[in-house]
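Quick note: the sequence shown uses this note's numbering, first residue 9, plus one each step.
By construction, the Cβ of each residue, glycine as well, lies at the ideal position given by its N, Cα and C atoms.
One structure is given here, and the rest of the page talks about it.
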Amino acid sequence: MTDYPVRILVLCTGNSCRSQMAEGFLRSLGNDQVEVHSAGLAPTELNPRAVVVMAEAGIDISGHTSKALDGFLYQEFDYVITVCANAAANCPFFPGGGVRLHWPFDDPAEFRGSDEEIMAGFRRVRDEIKARVERWLRTVA
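So, in structure tokens, the structure goes:
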């Protein structure tokens, strides 16, 4: 990594699940080498199931809030990572530059079934996000 924290913005549609989980893993695994923010194109609220599955992984995101992309448009980022197709297609140009990456993950908020089945889906997506973050951090280290 560099002598300064790598600035990362993770984008999703609602900033309620995937981008929040990615932010949590990037903060936890990137230590002081990264400065991470997440935002949504149409922010909603933090999904309580995302909080639960991240706590199971030892990461507390209960204090996170859904934030609008507008608050980040004129900031500089080294990387802008989209985690859903909608954000990838509608992500605006960032005047501050930065490398754009797209990491598509299923939306756990859309899962249907029993509570047990839905939670299993959240855990699967959480684990996929963690694996992707770990791989990526090794490439920028």
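Just to confirm before moving on: does the CB-CB distance between residue i and residue j stay below 9 Å?
i: Ala-30; j: Ile-89; result: yes
i: Met-62; j: Arg-134; result: yes
i: Arg-15; j: Asp-86; result: yes
According to the neighbour-count rule (16 or more other Cβ atoms, all chains shown, within 10 Å of its Cβ), is residue i buried or exposed?
i: Gly-129; result: buried
i: Thr-73; result: exposed
i: Arg-57; result: buried
i: Gly-38; result: buried
i: Val-107; result: exposed
i: Thr-7; result: Past the boundaries of the shown model lies residue 7; the chain is included only from 9 to 149, so the question cannot be answered.
i: Ala-93; result: exposed
Does DSSP put residue i in a helix, a strand or coil?
i: Gly-129; result: helix
i: Val-148; result: helix
i: Gly-150; result: Lying before the first or after the last residue shown, residue 150 is absent from the chain, which here runs from 9 to 149.
i: Ser-24; result: coil
i: Val-91; result: coil
i: Glu-43; result: strand
Quiz item: Taking one C-beta from the region 18-35 and one from the region 46-55 each time, how about it: are there three or more such pairs within less than 8 Å?
Solution: They touch, by the three-pair rule.
Quiz item: Per the contact definition of three or more C-beta pairs closer than 8 Å, is the region 19-30 in contact with the region 105-119?
Solution: The region 105-119 is in contact with the region 19-30.
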